[in-house]
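Q: Attaching a single structure in structure tokens format; questions to follow.
Right, dumping it as structure tokens:
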């Protein structure tokens with residue numbers, strides 16, 4: 001059965017392109033990934049679809065009822081377009097150089113997506129799990145097919161300058177996921193001197209910026225501090241009361257941490273951010289994650305004792321975070337003075353701080369320490 005669409009037609013560069021709406025059911029039923037096995041790279045007309053991306057989109061669609069979704073771009077050969085004349089209150093109506101009409105795409109028309117294979121894969125996987133998605137619609141832009149070379153050119157035009165948003169931007173702007181809301185709630189609970197040192201847009205700090213950390217690094221800290229995965233956060237922290245307990249706990253932890261003279265000097269501007277990056281370890285993602293593990297050990301200790309004794313963290317004020325300090329060598333600092341960024345470095349750094357506080361290690365850290373011996 002042919003596909004019939006109401007579309008808008010207008011000139012774009014040296015061709016006419018068409019835009020319309022296609023239901024998820026129609027998209028899934030009428031488009032599929034082009035065969036790639038055995039096809040030379042120079043003859044491919046679309047990128048390979050990764051199952052991980054399709055599964056991520058499937059989960060996004062099945063987990064959420066309120067969402068916005070970008071359109072797809074299709075290359076189609078053999079369609080017909082019939083212009084329709086519009087009237088309003090009995091008078092001809094329209095927009096200059098834009099035509100409205102019906103597009104008919106025969107069953108045997110050659111068609112594929114130049115952009116949007118991941119959306120197609122995710123929608124196709126989501127429909128059996130959430131049948132009500134069938135009558136949701138997606139924007140579709142249609143370009144008339146010509147040659148393989150032209151199709152490849154279109155693909156490049158759509159993807160050459162595509163820029164994926166950073167994880168920091170996603171966290172900052174997202175209001176749906178609990179992890180994002182929790183991270184921003186924690187950040188907003190900090191005193192201004194601390195809060196202002198987190199970059200909300202970039203995933204790393206460098207150069208002359210005054211930032212010491214980033215919001216996505218704080219999110220990683222929170223995963224380590226709570227011991228919760230992003231999925232577990234969705235369940236546990238959906239309860240606002242539970243989230244408030246964590247926020248209070250983390251606030252008290254940071255209150256003890258920023259009492260450290262080196263960190264206090266950085267927050268007050270007595271030590272520049274550039275100097276922190278050059279001479280200290282606390283202004284790094286590695287140490288922030290390690291501190292998250294320290295916080296988790298503190299929480300476990302308080303839970304075991306049945307009481308919160310924050311004086312046990314007074315020793316944080318005496319930790320020497322200078323990069324040249326001997327206790328960081330071979331842990332988070334390498335032989336050439338470079339930061340070591342692997343899991344072992346984070347764990348050993350956390351162990352160093354926890355033992356200096358006289359607190360017991362978590363089973364996970366004890367296992368890491370045993371393996372490193």
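Residue numbers (UniProt numbering): 1 to 373.
Glycine is no exception: its CB is placed at the ideal position from the N, C-alpha and C atoms.
All of these numbers come straight from a predicted model, not from anything done at the bench.
Measure from the alpha carbon of residue 174 to the alpha carbon of each residue in 192, 201, 150, then state which is nearest.
A: Taking the first residue of the chain shown as position 1, residue 174 is located at position 174. Closest by alpha carbon: 201.
Q: So if DSSP puts residue 144 in a beta bridge, which residue, or which two residues, is it bridged to?
A: Numbered from its first residue, the chain shown carries residue 144 at position 144. 76, per the DSSP bridge assignment.
Q: Cα separation between residue 256 and residue 215?
A: Counted from its first residue, the chain shown places residue 256 at position 256. Counted from its first residue, the chain shown places residue 215 at position 215. Distance between the alpha carbons of residue 256 and residue 215: 20 Å.
Q: Going by the CB atoms, is the gap between residue 118 and residue 213 shorter than 8 Å?
A: To locate residue 213, count along the chain shown from 1; it is residue 213. To locate residue 118, count along the chain shown from 1; it is residue 118. Going by C-beta atoms, residue 213 is not nearer than 8 Å to residue 118.
Q: In the DSSP assignment, the alpha helix (DSSP H) including residue 194 goes from what residue to what residue?
A: Reading the chain shown from its first residue, position 194 is the one you call residue 194. Note, residue 194: alpha helix (DSSP H), 192 to 195.
Q: Within 10 angstroms of its Cβ, does residue 310 collect 16 or more other Cβ (buried), or is it exposed?
A: The sequence position of residue 310 within the chain shown is 310, counting from 1. With fewer than 16 Cβ atoms within 10 Å of its Cβ, residue 310 is classed as exposed.
Q: List the DSSP bridge partners of residue 217.
A: What you label residue 217 is simply residue 217 of the chain shown in a count that begins at 1. DSSP output for residue 217 lists no bridge partner at all.
Q: Where does residue 302 fall in DSSP's three states?
A: Start at 1 with the first residue of the chain shown, and residue 302 comes out as number 302. It is helical.
Q: Sort 90, 9, 136, 96 by Cα distance to residue 69 and report the nearest one.
A: For the purposes of this step, residue 69 is taken as residue 69 along the chain shown, with counting starting at 1. Comparing Cα positions, the closest option is 136.
Q: Taking the alpha-carbon positions, what's the residue 12 to residue 151 distance?
A: Taking the chain shown and counting its residues from 1, the one referred to as residue 12 is at position 12. Taking the chain shown and counting its residues from 1, the one referred to as residue 151 is at position 151. If I take the Cα positions, the gap works out to 15 Å.
Q: Going by DSSP, which residues form a beta bridge with residue 6?
A: In the chain shown, residue 6 corresponds to position 6, counting from 1. Its beta-bridge partners are 102.
Q: In this structure, how does DSSP classify residue 287 when only helix, strand and coil are distinguished?
A: Within the chain shown, residue 287 is the residue found at index 287, counting from 1. Residue 287: helix per DSSP, three-state reduction.
Q: Using a Cβ distance threshold of 8 Å, determine whether the region 124 to 139 contacts the region 92 to 110, with at least three qualifying pairs required.
A: Judged by Cβ distances under 8 Å, the region 124 to 139 makes no contact with the region 92 to 110, as fewer than three pairs qualify.
Q: Evaluate contact between the region 110 to 117 and the region 86 to 96, counting only Cβ atoms and requiring at least three cross-stretch pairs below 8 Å.
A: As far as the Cβ criterion goes, the region 110 to 117 does not touch the region 86 to 96, which means the pair count is below three.
Q: Decide if residue 183 is buried, meaning its Cβ has at least 16 other Cβ atoms within 10 Å, or exposed.
A: Locating residue 183 in the chain shown gives position 183, counting from the first residue. Buried, since its Cβ has 16 or more Cβ neighbours within 10 Å.
Q: Give the secondary structure of residue 15 by DSSP, where H, G and I count as helix, E and B as strand, and everything else as coil.
A: As a working mapping, residue 15 is identified with position 15 in the chain shown. Strand, per DSSP.
Q: Pull up the CB-CB distance for residue 116 and residue 186, whole angstroms please, since I reckon it's below 8 Å.
A: Position 116 of the chain shown, counted from the start, is the residue given in the question as residue 116. Position 186 of the chain shown, counted from the start, is the residue given in the question as residue 186. Not confirmed; about 36 Å, so no contact.
Q: Do residue 313 and residue 254 come within 8 Å of each other at the CB atom, strictly closer than that value?
A: Your numbering for residue 254 matches position 254 in the chain shown. Your numbering for residue 313 matches position 313 in the chain shown. Going by C-beta atoms, residue 254 is not nearer than 8 Å to residue 313.
Q: Assuming residue 122 contacts residue 61 under a Cβ cut-off of 8 Å, what Cβ separation, rounded to an integer in Å, is found between them?
A: Here residue 122 is taken as the residue at index 122 of the chain shown, counted from 1. Here residue 61 is taken as the residue at index 61 of the chain shown, counted from 1. That belief holds up - the Cβ atoms of residue 122 and residue 61 are roughly 6 Å apart, short of 8 Å.
Q: Would you kindly report the start and end of the unbroken beta strand (DSSP E) that includes residue 115?
A: Counting from 1 along the chain shown, the entry for residue 115 is found at position 115. Taken as a continuous stretch (DSSP letters only), the beta strand (DSSP E) holding residue 115 covers 111 to 115.
Q: Taking the beta carbon of residue 22 as the centre, do at least 16 other beta carbons fall within 10 Å, making it buried, or is it exposed?
A: In the chain shown, counting from the first residue as 1, residue 22 sits at position 22. By the neighbour-count rule (16 or more Cβ atoms within 10 Å), residue 22 is buried.
Q: Taking the alpha carbon of residue 85 as the reference point, which residue from 77, 64, 9 has its own alpha carbon closest?
A: Counting from 1 along the chain shown, the entry for residue 85 is found at position 85. Nearest of 77, 64, 9 to residue 85, Cα basis: 9.
Q: Can residue 227 and residue 296 be called in contact, C-beta distance under 8 Å?
A: Stepping through the chain shown from its first residue, residue 227 is reached at position 227. Stepping through the chain shown from its first residue, residue 296 is reached at position 296. Yes, these two residues count as a Cβ contact at 8 Å.
Q: Determine, using beta-carbon pairs with one atom in the region 286 to 296 and one in the region 345 to 359, whether at least three such pairs fall under 8 Å.
A: Yes: the two stretches touch, three or more of their Cβ pairs being nearer than 8 Å.
Q: Using only the alpha-carbon positions, how far apart do residue 299 and residue 324 sit?
A: Against the chain shown, residue 299 aligns to sequence position 299. Against the chain shown, residue 324 aligns to sequence position 324. Taking the straight line joining both Cα atoms gives about 30 Å.
Q: Could you give the DSSP three-state label for residue 225: helix, strand or coil?
A: As a working note, residue 225 is residue 225 in the chain shown. Helix at residue 225.
Q: With the cut-off set at 8 Å, would you say residue 75 and residue 6 are in Cβ contact?
A: For the purposes of this step, residue 75 is taken as the residue at position 75 of the chain shown. For the purposes of this step, residue 6 is taken as the residue at position 6 of the chain shown. Not closer than 8 Å, so no.
Q: Could you spell out the range, first to last residue, of the beta strand (DSSP E) harbouring residue 128?
A: Looking up residue 128 in the chain shown gives position 128. It is not in any beta strand (DSSP E) - residue 128 carries neither H nor E in the DSSP assignment.
Q: Is the CB-CB distance between residue 178 and residue 233 below 8 Å?
A: Reading the chain shown from its first residue, position 178 is the one you call residue 178. Reading the chain shown from its first residue, position 233 is the one you call residue 233. Yes, Cβ-Cβ distance for residue 178 and residue 233 is below 8 Å.
Q: Using the Cα positions of residue 130 and residue 55, report the straight-line distance between them to the nearest angstrom.
A: Reading the chain shown from its first residue, position 130 is the one you call residue 130. Reading the chain shown from its first residue, position 55 is the one you call residue 55. So the alpha carbons of these two residues sit roughly 14 Å apart.
Q: State yes or no: is the C-beta of residue 265 within less than 8 Å of the C-beta of residue 271?
A: Residue numbering aside, residue 265 sits at position 265 when the chain shown is read from its first letter. Residue numbering aside, residue 271 sits at position 271 when the chain shown is read from its first letter. Yes, the pair counts as a contact, with Cβ atoms nearer than the cut-off.
Q: DSSP has residue 87 in a bridge; who is on the other side?
A: Translated into positions along the chain shown, residue 87 becomes position 87. In DSSP, residue 87 forms a bridge with 92.
Q: Give me whichever residues DSSP pairs with residue 21 in a beta bridge.
A: Here residue 21 corresponds to residue number 21 of the chain shown, with the count starting at 1. Per DSSP, 139.
Q: Between the Cα of residue 462 and the Cα atoms of 203, 18, 327, which residue gives the shortest distance?
A: There is no way to answer for residue 462, as the model of the chain reaches only from 1 to 373.
Q: In angstroms with no decimal places, state the Cα-to-Cα distance between residue 343 and residue 64.
A: Looking up residue 343 in the chain shown gives position 343. Looking up residue 64 in the chain shown gives position 64. Between residue 343 and residue 64, the C-alpha separation is close to 33 Å.
Q: To the nearest angstrom, report how far apart residue 120 and residue 319 are at their CA atoms.
A: Here residue 120 corresponds to residue number 120 of the chain shown, with the count starting at 1. Here residue 319 corresponds to residue number 319 of the chain shown, with the count starting at 1. Spanning the two alpha carbons is a distance of roughly 53 Å.
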